[in-house]
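Sequence lines, in order, name chains B and F. For the first sequence, UniProt numbering assigns the number 1 to the initial residue and increments by one for each residue that follows. For the second sequence, UniProt numbering assigns the number 1 to the initial residue and increments by one for each residue that follows. To start, the structure under review is shown below, and the notes come after it.
Number of protein chains: 2
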Amino acid sequence: MTEKLLGSIEAGGTKFVCGVGNDELKIIERVSFPTTTPEETMALVIGFFKKYNLKAIGIGSFGPIDIHKDSPTYGHITSTPKLAWQDYDFVGAMKKEFDLPIAFTTDVNAAAYGEYVSGNGKGSSSCVYYTIGTGVGAGAIQDGHFVEGFSHPEMGHMIVKRHSNDKFKGSCPFHSDCLEGMAAGPAIEKRAGKKGQDLSEEDLIWDIEAYYIAQAAYNTTLMLAPDVIIFGGGVMKQRHMLVKVHREFEKLINGYVKTPPLKDYLVTPKLEDDPGTIGCLALAKKELENS
Amino acid sequence: MTEKLLGSIEAGGTKFVCGVGNDELKIIERVSFPTTTPEETMALVIGFFKKYNLKAIGIGSFGPIDIHKDSPTYGHITSTPKLAWQDYDFVGAMKKEFDLPIAFTTDVNAAAYGEYVSGNGKGSSSCVYYTIGTGVGAGAIQDGHFVEGFSHPEMGHMIVKRHSNDKFKGSCPFHSDCLEGMAAGPAIEKRAGKKGQDLSEEDLIWDIEAYYIAQAAYNTTLMLAPDVIIFGGGVMKQRHMLVKVHREFEKLINGYVKTPPLKDYLVTPKLEDDPGTIGCLALAKKELENS
Numbered sequence: 001m002t003e004k005l006l007g008s009i010e011a012g013g014t015k016f017v018c019g020v021g022n023d024e025l026k027i028i029e030r031v032s033f034p035t036t037t038p039e040e041t042m043a044l045v046i047g048f049f050k051k052y053n054l055k056a057i058g059i060g061s062f063g064p065i066d067i068h069k070d071s072p073t074y075g076h077i078t079s080t081p082k083l084a085w086q087d088y089d090f091v092g093a094m095k096k097e098f099d100l101p102i103a104f105t106t107d108v109n110a111a112a113y114g115e116y117v118s119g120n121g122k123g124s125s126s127c128v129y130y131t132i133g134t135g136v137g138a139g140a141i142q143d144g145h146f147v148e149g150f151s152h153p154e155m156g157h158m159i160v161k162r163h164s165n166d167k168f169k170g171s172c173p174f175h176s177d178c179l180e181g182m183a184a185g186p187a188i189e190k191r192a193g194k195k196g197q198d199l200s201e202e203d204l205i206w207d208i209e210a211y212y213i214a215q216a217a218y219n220t221t222l223m224l225a226p227d228v229i230i231f232g233g234g235v236m237k238q239r240h241m242l243v244k245v246h247r248e249f250e251k252l253i254n255g256y257v258k259t260p261p262l263k264d265y266l267v268t269p270k271l272e273d274d275p276g277t278i279g280c281l282a283l284a285k286k287e288l289e290n291s
Numbered sequence: 001m002t003e004k005l006l007g008s009i010e011a012g013g014t015k016f017v018c019g020v021g022n023d024e025l026k027i028i029e030r031v032s033f034p035t036t037t038p039e040e041t042m043a044l045v046i047g048f049f050k051k052y053n054l055k056a057i058g059i060g061s062f063g064p065i066d067i068h069k070d071s072p073t074y075g076h077i078t079s080t081p082k083l084a085w086q087d088y089d090f091v092g093a094m095k096k097e098f099d100l101p102i103a104f105t106t107d108v109n110a111a112a113y114g115e116y117v118s119g120n121g122k123g124s125s126s127c128v129y130y131t132i133g134t135g136v137g138a139g140a141i142q143d144g145h146f147v148e149g150f151s152h153p154e155m156g157h158m159i160v161k162r163h164s165n166d167k168f169k170g171s172c173p174f175h176s177d178c179l180e181g182m183a184a185g186p187a188i189e190k191r192a193g194k195k196g197q198d199l200s201e202e203d204l205i206w207d208i209e210a211y212y213i214a215q216a217a218y219n220t221t222l223m224l225a226p227d228v229i230i231f232g233g234g235v236m237k238q239r240h241m242l243v244k245v246h247r248e249f250e251k252l253i254n255g256y257v258k259t260p261p262l263k264d265y266l267v268t269p270k271l272e273d274d275p276g277t278i279g280c281l282a283l284a285k286k287e288l289e290n291s
């Protein structure tokens, strides 16, 4: 009999990345499907996993989502602006097809967990993972547990101070100039009139961007004091960004808190593009062990 | 033989409040001593506790402090601007006199723990406690554990946006216009030219103050999503403040996150002036149980 596998779903706003892997969290196959309607997208997701002999599935979903197992809407995507997915019973739909342990958390929590078990958070007691891309979000882990309460964090919408050279009004429909409104990929593009990857490394926009990301690092340091903060997502693929973020962070913290050395404290993902998939596999494995 | 008691030390920047209590966390006696030098103040503290037959002591201290039990400077006050207390081995000094289990955390963590075990955090899975007084600080608890990592939080220094009617430059020596620099008691006094308690309830300064405290609530909601956020300290004794904070919070969050009802979510301490003492007693008891 062949080894049973772990399934991973990174459910994002533009695509669903589905993968299967083994107990060593090795990714065996991975595919992606566009995020359209639940009917269309989930048919492709289910079709993919039906090819495998699975033992557990981990889901990291865009949100907001209901993470409380004792809630009547546990496992649902809740008040998302993606209307077709509002109040969608994600875990219920999967359970109908797969009678397996299913872990359910946010996309950023899953990525945080991936880095925590196998990446730059490994060996730490606590880590925070940010994605700076189409949106901004973060997940936090302490001693193996996600930081959460009445719901999951939504760190992407924290308050930031405007850069003195930045006239951009912000692109968040809820808060205009919150972190996401000022620092997500679309904000860069609206400021510049072109995509971030088409800007030179010296463009002032990157200094502005680094200032906002450094504020996220600063507030995270003061509120959670984690062992490490990991910045992933498309914007952080600009390899010059991290050093700019370090520089802005040092100015902001101004010696008040003695953090670990910045090269170990504010980092990019060790798992590169894989923290989400590996995190979902690890969460599936954990769910199986606890089931 | 008389029942052995629990000891509590709330070590603040202006006074040390020492108390003894029983296993039901009932405060039996409480005294306070001015914070001068370690020699003077600690002689009074030790003298007070020597009168009792203690079994454990809980300390909630001003900071920053070293909370890592495996660190060579565990139990020390570290880089405080109070020079006489810099690098002071607080736990070591107590251990020399009292061969007992001693719990050591920040003053705000201790108060958070008090409310978590016996106050408005009781029954929640997570709570955050802010003090808004001479300084601003906060402690966070999830499932009985303090939120922490390389160090403890320093939430009082988070970034806030300036109120459009506020020209005050801020009073934080490290960050000028961070939360503490804009919202602590001394900031109110410097703006008004008189103490907060001498201002009328209708003074615009309270709206400005509420705006900053609401930003703390907002960022805490987005970063930790705790079940409840408790606001204590001298400024919150202004009984009109809480409703002003609710109003500003609603504007900031703008429907993005569905929090618990604000009357249950953003509250003042149930234990009134006692969360610190009760928290230290409870931490002493827990330390004894785990020793």
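We treat Cβ as the ideally placed atom computed from N, Cα and C, and that holds for glycine.
Close Cβ partners of residue i (< 6 Å) along its chain, the five nearest in sequence each way excluded
i                : result
Cys172 (chain B) : Cys178, Glu180 and Gly181
Pro226 (chain F) : Ser126, Cys127 and Val128
Phe146 (chain F) : Asn109
Ser291 (chain B) : Pro101
Glu248 (chain F) : Ala210, Tyr211 and Ala214
Glu287 (chain B) : Ala56, Pro101 and Ala103
Ser8 (chain B)   : Gly19, Gly58, Thr277, Cys280 and Leu281
Met155 (chain F) : Ala138
Close Cβ partners of residue i (< 8 Å) along its chain, the five nearest in sequence each way excluded
i                : result
Val91 (chain B)  : Ile59, Tyr74, Gly75, His76, Ile102 and Phe104
Ala282 (chain F) : Leu25, Gly58, Tyr113, Gly114, Val117 and Ser118
Lys4 (chain F)   : Asn53, Leu54 and Lys55
Where residue i falls, given that 16 or more other Cβ within 10 Å makes a residue buried
i                     : result
Gln86 (chain F)       : exposed
residue 367 (chain B) : Outside the shown range of chain B, which is 1 to 291, sits residue 367 (chain B), and nothing can be said about it.
Gly193 (chain B)      : exposed
Thr232 (chain B)      : Correcting the residue type first, residue 232 (chain B) is Gly in the shown sequence and not Thr. With 16 or more other Cβ atoms within 10 Å, it is buried.
residue 294 (chain F) : Past the boundaries of the shown model lies residue 294 (chain F); chain F is included only from 1 to 291, so the question cannot be answered.
Leu83 (chain B)       : exposed
His152 (chain B)      : buried
Thr2 (chain B)        : exposed
Thr14 (chain F)       : exposed
Gly144 (chain B)      : exposed
Arg191 (chain B)      : buried
Gly139 (chain F)      : buried
His175 (chain F)      : buried
Asn219 (chain F)      : buried
His240 (chain F)      : exposed
Asn120 (chain B)      : buried
Val31 (chain B)       : exposed
Glu10 (chain F)       : buried
Leu252 (chain F)      : buried
Lys51 (chain B)       : exposed
Leu204 (chain F)      : exposed
Asp264 (chain B)      : exposed
Pro34 (chain F)       : exposed
Own chain residues within Cβ distance below 7 Å of residue i, not counting five before or after
i                     : result
Glu29 (chain F)       : Gly19 and Val20
residue 302 (chain F) : Since the first and last residues shown for chain F are 1 and 291, residue 302 (chain F) lies out of range.
Thr37 (chain F)       : Ala84
Leu234 (chain F)      : The amino acid occupying residue 234 (chain F) in the given sequence is Gly; Leu does not appear at that position. Closer than 7 Å at the Cβ level, and outside the excluded window around Gly234 (chain F), lie Gly133 and Gly185.
Lys169 (chain F)      : Ser176 and Asp177
Chain-ordered chain B contacts of residue i [CB-CB under 9 Å]
i                : result
Met42 (chain F)  : Residues of chain B passing the Cβ test: none, with the nearest at roughly 25 Å.
Asn290 (chain F) : What Asn290 (chain F) touches in chain B: nothing, since even the nearest Cβ is about 15 Å away.
Gln215 (chain F) : Ile159
Ala225 (chain F) : Val147, Glu148, Gly149, Phe150, Ser151, His152, Pro153 and Glu154
Ser126 (chain F) : Val147, Glu148, Gly149 and Phe150
Interface residues of chain B facing residue i [CB-CB closer than 7 Å]
i                     : result
residue 324 (chain F) : The structure shown does not extend to residue 324 (chain F), since chain F is modelled only from 1 through 291, so no value can be given for it.
Leu222 (chain F)      : Pro153, Glu154, Met155, His157 and Met158
Tyr218 (chain F)      : Ile159
Interface partners of residue i on chain F, CB under 7 Å
i                : result
Asn109 (chain B) : What Asn109 (chain B) touches in chain F: nothing, since even the nearest Cβ is about 12 Å away.
Partners in chain B for residue i, counting only beta-carbon separations shorter than 8 Å
i                     : result
Asn120 (chain F)      : Within 8 Å Cβ-Cβ: nothing; Asn120 (chain F) doesn't reach chain B, min ~14 Å.
residue 312 (chain F) : This structure gives no information on residue 312 (chain F), because the portion of chain F shown stretches from 1 to 291.
Any non-hydrogen atom of the ligand GDP within 7 Å of residue i CB
i              : result
Ser8 (chain B) : This structure lacks the ligand GDP, and indeed carries no ligand of any kind.
- [ ] Residues of the segment 149-176 of chain B with a CB closer than 7 Å to any CB of chain F: list them in chain order, please.
- [x] Close to chain F, meaning a Cβ-Cβ distance shorter than 7 Å, are the following residues of the segment 149-176 of chain B: Gly149, Phe150, Ser151, His152, Pro153, Glu154, Met155, His157, Met158, Ile159, Val160, Lys161, Phe174 and His175.
Task: Three or more C-beta pairs below 8 Å linking the segment 184-203 of chain F and the segment 259-267 of chain B - done: no
Open item on the list: Output needed in chain order: residues of the segment 249-263 of chain F with a Cβ under 9 Å from some Cβ in chain B.
Closed with: Leu252, Ile253, Asn254, Gly255, Tyr256, Val257, Lys258, Thr259 and Pro260
Open item on the list: By the 9 Å beta-carbon criterion, what residues does the segment 63-92 of chain B contribute toward chain F?
Closed with: Cβ contacts with chain F come from Pro64, Thr78 and Ser79.
Open item on the list: Quick test of the definition: if touching needs 3 or more C-beta pairs under 8 Å, does the segment 207-221 of chain B touch the segment 233-252 of chain B?
Closed with: Because the criterion of three Cβ pairs below 8 Å is met, the segment 207-221 of chain B and the segment 233-252 of chain B touch.
TODO: Report the residues of the segment 201-215 of chain F with a CB closer than 7 Å to any CB of chain B, ordered along the chain.
DONE: Going along the segment 201-215 of chain F in chain order, one finds Gln215 with a Cβ nearer than 7 Å to chain B.
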